[in-house]
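Protein chains: 2
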Amino acid sequence: MPRKSSAADAPLRLDNQICFAVYSAAHAFNRVYKPLLDRLGLTYPQYLVMLVLWERDDVPVKDIGERLFLDSGTLTPLLKRLEAAHLVKRTRSSEDERQVLIALTAQGHALKEKARAVPQSILAASDCSVSELVAMKDEIVALRDRLNAVIGE
Amino acid sequence: MPRKSSAADAPLRLDNQICFAVYSAAHAFNRVYKPLLDRLGLTYPQYLVMLVLWERDDVPVKDIGERLFLDSGTLTPLLKRLEAAHLVKRTRSSEDERQVLIALTAQGHALKEKARAVPQSILAASDCSVSELVAMKDEIVALRDRLNAVIGE
DNA sequence: TCACATTTAATTGTTCGCAATTGAATGTGC
DNA sequence: GCACATTCAATTGCGAACAATTAAATGTGA
C-alpha cells in the first residue's frame, strides 16, 4: 500500500498546526531580540524578568513565576545569573523566611533607560501597525488563557 | 524621585508585549501537549520532526531544519534519541557523503496512527472554532515570516 | 502543644535551542 | 589538477524549561 498524501492526513500536516505557528513565531521573535538584548547583556527570559521588576520591585520569586508562567527550577539559576551581573539582589524575607525577595540594584534600575529602545525596534521588525499587533496579542493571550485553564483542571 | 507608573513606560509593560503573548502561548501549548505526547513517547520538538517525516520520508537533516527553523546543533542529538527509540534510521547519503538521511522505521511509520488522536485533543483544549484557529494561525505565520525576513538581511 | 499538611526555593537530571567551531565532502576557478 | 571556498553534520559550551525531589519555614487541627 503506497503512502500517498490524503485528506485524512490534513490534521497532522505541519503547516496546519497552530501550535507550530506559535512555536516558530516565538523562535523568530527570539532571533530578532537577540542582537538588541546582547547590547543590554540580557537573554530574552532575563529581559522578561527585568520587565516584571521594572514594573514592581522587591517581589518574591513566586510572584515573578506567576507572572511569567515559570517555576523555581527555571528562575532560581536565572536570577542567580542576574545577581552575578549586578542587576538584582536576592534576600530572604524577614517576615517569611521561605521567600526570597528580588530587588533591583541601581544598575538594574538604570538599565531600564537603555531598554526603552527595544520595543521600537521590535515594532519596526514586525512591519505591522500597532493596532494590528494589539489585536493579535489579545487573541493570542485569550487562546493561551484557555489552554492554561485546561491544564489546571 | 518616586518611581510611579507613567505613560512613557507603556511600551515596556509586560502585558503590552506581543512577544510575551507568543512566548507564553508556546509554553501553554507545550504543557497541553505533554500528557498527549507522553503516550507516544515523544517530546514536542520530537513530535514536530515526526510530523515532517510522516509527510516525506528519507530526507536530509538540513531539510528538516529548514522546515522547523532548527539547526544541526538541535537536531543531531534529537535525531539520535529518536534513533535510540527505534523510530528513525540515520544513514549517510551515498551520493553526497556530507548528508545524513533520516528515514522512518516500521515503528516510526506505525506511530502515525496513534498520533492521529493528538490534533483532536488540542482542538478541544483550545476551545475555539477551526476557522478561528486557522485565521489566527495564518496571521501568526505571516508575522513570523516578516520577522524571519528581517533576520536574513 | 504537637503531629501533619502546605508553602516556598533550591537542587538534580533530561531535553531543547543556539552560537561557535571542527572536520570531512563537495564544488569552483584558474 | 590543485588551491580555495562552500556545504553539511557533529561537537562543545551555555542558558533556558520542566519534572521530581529535597529541605526548611509556616500554617492547621485535634
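Residue numbers (this note's numbering), protein chains in the order written: chain A, 878 to 1030; chain B, 878 to 1030. Built from N, CA and C at the ideal position, the CB exists for glycine as well. The structure displayed is predicted, hence computed values, not measured ones.
Taking the Cα of A/Asn907 as reference, the smallest distance to any Cα among A/Arg967, A/Gln923, A/Ile895 is reached at A/Gln923.
Note that the region 958-972 of chain A does not touch the region 1020-1030 of chain A; fewer than 3 beta-carbon pairs, one per stretch, sit closer than 8 Å. Against chain A, a Cβ distance below 9 Å from B/Asp1004 picks out Leu1020, Arg1023, Leu1024, Ala1026, Val1027. The CB of B/Glu1016 comes closer than 7 Å to the CB of Met1013 in chain A, given here in chain order. Per the coordinates, the alpha-carbon of B/Ile1017 lies some 46 Å from the alpha-carbon of A/Ser971. With a cutoff of 8 Å on beta-carbon distance, A/Ile895 and B/Leu891 are scored as not near each other.
For a cut-off of 8 Å, the C-beta gap from A/Leu978 to A/Asp935 is around 6 Å, short enough to register as a contact. Distance between B/Ala1002 and B/Ala992, taken at the CA atoms: about 16 Å.
The C-beta separation of B/Ile1028 from A/Val909 comes to about 6 Å, placing the pair in contact by the 8 Å criterion.
Within 7 Å of the CB of B/Arg908, the CB atoms of chain A belong to Ile1028, in sequence order along the chain. Between B/Val977 and chain A, the shortest Cβ-Cβ separation is not below 8 Å. About 7 Å separates the Cβ atoms of A/Gly985 and A/Leu930, confirming a contact at the 8 Å cut-off. A/Thr920 and A/Lys911 have their C-alpha atoms some 7 Å from each other.
Residue contact with chain B for A/Arg916: absent (no Cβ-Cβ distance below 8 Å to any residue of chain B). B/Pro937 does not reach chain A, its nearest Cβ partner there being about 17 Å away, counting only Cβ pairs nearer than 9 Å.
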